[in-house]
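Residue numbers (the working numbering): 1208 to 2359. Glycine is no exception: its CB is placed at the ideal position from the N, C-alpha and C atoms.
Next up, the structure:
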């Protein structure tokens, strides 16, 4: 397999050279590359044709290893020479000598491969026979079976587990499912988890994988992701303890079901058990494990559920269904089929794996007998070694699938694998070969589907059009995969459970995972030959310039503490795939990476800061090989191209995060091949402006997928709350003729359109998927006209998520092709239009956190369709809103205190007041009430009472600061407010610091307040050359509080709502070592972090002195202009490039 990967990669390198290096010295010996290409094409065919005997014949295995090493050697020689030619500065004499040596090395390589080719010819003559197993993609069976369709023998187990979850004690109980690997523990747990009765019974359900190398952090994150209460910032910035507390609070007071899948140790259970509250409400934990002691420890004396083996009859039934589906089968195969099933020793995973193998073979007795013989020799009754069975399925994979399968070992065990990333990596590695006129992405998807069909890969999530979105591997399959990668020398990694190979085979190593685990001596040998490197943890990446990844093609950096040496990045001339957390200093270097195909930037450094905009030069966008640009957490500005650059053909297919100002005719005309576009609008202002970013889409004739997302500031939200909330539309929807003609998928998020704007969207001729998220449209009533031609004629998938829709009126004419309807967090919606019962194509309705009346209407539609003879419609329920006590209490309060002025009329939405100034702010409009509804209604009254206890002495503005800081979550705001109140009582007993208490510190004139930036952030300037470590620490701490209080209070000047972020400018001009006060700096940041709801938006450091060598910051002219633009010339003092005068802290008058 590794030989096939090496040969495929080499052939692509040779082909690339012949196409791109027109003036390169390689073409002086063009015949060399042609000879190499011919010989290795022959060897590739040989490896394809005789793949089924390599795992059986030791001599053939040795020959395969020879081919691998030879191919790797030739590619190393070529790539090293190309690297030297482009990176190293050489004289003509040195270059000429290097070219001569290079061509000599190619001659040696041709001689070597000629000898290997002779050996291959001998083997072909000796092994002239027809393979009994078909490897052809065209003739293979295309039976596509859902995993649920081939589950046999679990009905009794399912009933027993459901009974223990629903019927028994109200106390929290752990239900362990125990059994050996491959026996069906996870399958049973998943069936229980997805059961509609279970979904109805538990308010919260969560699933997380534990695995052998358990990671407490990943366990907690898995639960939080499953519940839907985690974001990127929480994942990166939270400690394990904070995550544990977040899990506890998310489950507290709720009836929950948690599945802990594949737990291997008591230690893992002890680490997580305290995060599961016991509120005596019937909550349950399902735990799957292979170990009795783990199950016994967790279940606290309750009986264990022991999985049983399949009977002979069940094994045959499972095998038959996997191979033939519901169709008929040749009767002569039943006897041998039963024997094969029996040889699998009752293990479902082994049966399914062999079934996947047999489904790809000819349905002849001789072929099945051959497999039966191998299964019998591999399975022994004493060891039950399922890995051997899985290896049999792997060994009979075609070569092109083996490389794809083993490569999946680079992904972590506990995470589902995103298919888009997997496919991009396969292509960058050169594993995907062209088939007919299909593009590489389509071929890669077919490869993945074939691995799924063979039961070596499990499907995870699906896309809206039914394609595989995420995938994963069974833990035993992954064990086999990692074992094969080590044996094949395909991927190099270190784990606790796999002994690392000695680096004696260093020349064969190309892919390295968990780079940080290696010693420097190992790295010095690994790095010069590495083609793919995956950083899974933090690591200082600046060593690239010293160690030189000369041949690197794939660089995937999840986290990094020191990023990057841009010059070193620019020298990676072979790099095809780059994924990293930030652009930091990379923009100019990217222009020099001539072979880059995929650029993925997820910008982890922006967490907790305002969303940012990054300028991306047209030289990067127009790079000859670049196909995909993925961004996250910031938007891209692309300046209009120059006429000179625009002459080059552009191949870009994916571009996400584009800002509206770049959605112009000049840019779109020069990226005509774009198929996927994401537009991200960042708004930190308090104004509403119309956006016309969609008007030029007509120039993107190939565009198939479009996403438009708006990220608004809290200031804009409150502006909406205080003004006419029914007039929030800011996105201009052009005429349907201005949309790309091939647009198939449209996603709108936070666009706040009027339902009338839907009139244009429903006329898009080829639209198949429509996703409306987070108030994409607003308004209580969505009513479609009765005209048949005005419908979504080709729409198959519709998602409504977090919409304030109450009444939906539509007919079958509007959605004649709808197959899949998803309603999520639509708290006000009363029902689904009953006319949907006449949509004959409707297959699935999914409901998440909707009213019970919505579920009732869905069931009525299902019953109506069944009366027509259509039994295909499925209703899938995640959770239903059940808050009778809370709603009754709120209605009682409403009748007592009345409705809020300016709210929606009482007959439309029951908007209530709780009789306090806090609630008047929180419920000042119906839109904001929707935020309240999204909270946990069962506990909101208690939390509000807790906050209001001593509220009058602080005022509503103070409390609103904490609500904003905690995303309007009353419970979290209450906790933060109480901590702050306790600290203030000790630190500031009068409620404020009087000037006489901090007279000495104020006299130094070191802190200045300049008002508000353009984004509304208070701007504070600290001149550190006037600061000295204080001997009176009490006074200094009071001064810090005094400065923070004034800074924060200044943001309320003329406003009802302040700002949750601050800007600090640290001026280090003329400072000396005597001004350095580490303790003082820590005190300032500690107070802000621990006791204030506000956060630092940006900290600018100016005039960095030379003696700070390790943290020197050099501001370019471009950065300086950005600094001035953000702060504003009217606020920034003249000495920093603005027009204002410095304003001393003590000269600012504010009202507390």
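Item: How about residue 1911 and residue 1970: are their beta carbons less than 8 Å apart?; Value: no
Item: Taking only three categories from DSSP, how would you classify residue 1569?; Value: coil
Item: May I have the straight-line CA-CA distance separating residue 2016 from residue 2028, to the nearest angstrom?; Value: 15 Å
Item: Starting from residue 2218 and walking both ways along the beta strand (DSSP E), at which residues does that stretch end?; Value: 2214-2219
Item: Please state the DSSP three-state secondary structure of residue 2112.; Value: Its pLDDT being 36, under 50, residue 2112 is placed unreliably in this model, and the value from its coordinates should be taken loosely. Three-state result, residue 2112: coil.
Item: CB-CB under 6 Å to residue 1478, same chain, minus the five flanking residues each way: which ones, in chain order?; Value: 1423
Item: Are the CB atoms of residue 1389 and residue 1555 nearer to each other than 8 Å?; Value: yes
Item: Please name the residue or residues paired with residue 1805 in a DSSP beta bridge.; Value: 1784, 1835
Item: Where DSSP assigns a beta bridge to residue 1326, which residues make up the other side?; Value: Partner(s): none; residue 1326 has no beta bridge.
Item: Three or more beta-carbon pairs under 8 Å between the segment 1497-1513 and the segment 1399-1410, yes or no?; Value: no
Item: Measure how close the beta-carbons of residue 1874 and residue 1845 come, nearest whole angstrom, since I'm counting them as under 8 Å.; Value: 6 Å
Item: Would you check if the segment 1971-1990 and the segment 1999-2017 touch, i.e. whether three or more CB-CB distances between them fall below 8 Å?; Value: yes
Item: For residue 1244, tell me which candidate among 1221, 1256, 1255, 1237 has the shortest Cα-Cα distance.; Value: 1221
Item: Would you check if the segment 1636-1654 and the segment 1439-1459 touch, i.e. whether three or more CB-CB distances between them fall below 8 Å?; Value: no
Item: Identify, in the order they occur along the chain, each residue of the same chain with its Cβ nearer than 6 Å to the Cβ of residue 1929, setting aside the five sequence neighbours on each side.; Value: With a pLDDT of 41 at residue 1929, under the threshold of 50, the modelled position of this residue cannot be trusted, and the question is left open.
Item: Can you give me the Cβ contacts of residue 1945 inside the same chain, cut-off strictly under 7 Å, excluding the 5 residues immediately before and after it?; Value: 1902, 1904, 1905
Item: What three-state label does DSSP hand residue 1829 in the structure shown?; Value: coil
Item: Take every Cβ of the segment 1691-1698, pair it with every Cβ of the segment 1626-1642, and state whether three or more of those distances are shorter than 8 Å.; Value: no
Item: Please classify residue 1781 as buried or exposed, where buried requires at least 16 other C-beta atoms within 10 Å of its C-beta.; Value: buried
Item: For residue 1866, which three-state DSSP category applies?; Value: coil
Item: If you drop the 5 nearest sequence neighbours on each side, which residues of the same chain put their C-beta closer than 6 Å to that of residue 1471?; Value: 1419
Item: Which word fits residue 1616, buried or exposed, when buried means at least 16 other C-beta atoms lie within 10 angstroms of its C-beta?; Value: buried
Item: Might you give, ordered along the chain, the residues of its own chain that have their beta carbon closer than 6 Å to the beta carbon of residue 2321, omitting 5 neighbours on each side?; Value: Note that residue 2321 scores 36 on pLDDT, short of 50, meaning its location in the model is unreliable and no value can be drawn from it.
Item: Taking the CB atoms as reference points, tell me whether residue 1521 and residue 1359 lie closer together than 8 Å.; Value: yes
Item: In the DSSP assignment, what are the bridge partners of residue 2087?; Value: 2057
Item: How big is the Cα-Cα spacing for residue 1761 and residue 1786?; Value: 8 Å
Item: In the DSSP assignment, what are the bridge partners of residue 1952?; Value: 1912, 1976
Item: Using 10 angstroms around the beta-carbon of residue 1674, count the other beta-carbons present and answer buried if the total reaches 16, otherwise exposed.; Value: exposed
Item: For a test of the three-state rule: what should DSSP assign to residue 1341, helix, strand or coil?; Value: Because residue 1341 sits at a pLDDT of 37, beneath the cut-off of 50, its placement in the model cannot be relied upon, and the point is left open.
Item: Would you call the segment 2054-2062 in contact with the segment 2023-2041, where contact means no fewer than 3 C-beta pairs closer than 8 Å?; Value: yes
Item: Extract the residue ranges of the alpha helix (DSSP H) inside the segment 1612-1657, only unbroken runs of 4 or more that lie entirely within it.; Value: 1626-1636
Item: Give the DSSP-derived three-state secondary structure of residue 1248 in the structure shown.; Value: helix
Item: Across the segment 1268-1276 and the segment 1320-1327, are there enough close Cβ pairs to call them in contact, namely three or more that are closer than 8 Å?; Value: yes
Item: Can residue 1294 and residue 1247 be called in contact, C-beta distance under 8 Å?; Value: no
Item: Quick one: complete beta strand (DSSP E) runs, 3+ long, within the segment 2001-2030?; Value: 2004-2008, 2014-2016
Item: Are the beta-carbon atoms belonging to residue 1310 and residue 1239 less than 8 Å from one another?; Value: yes
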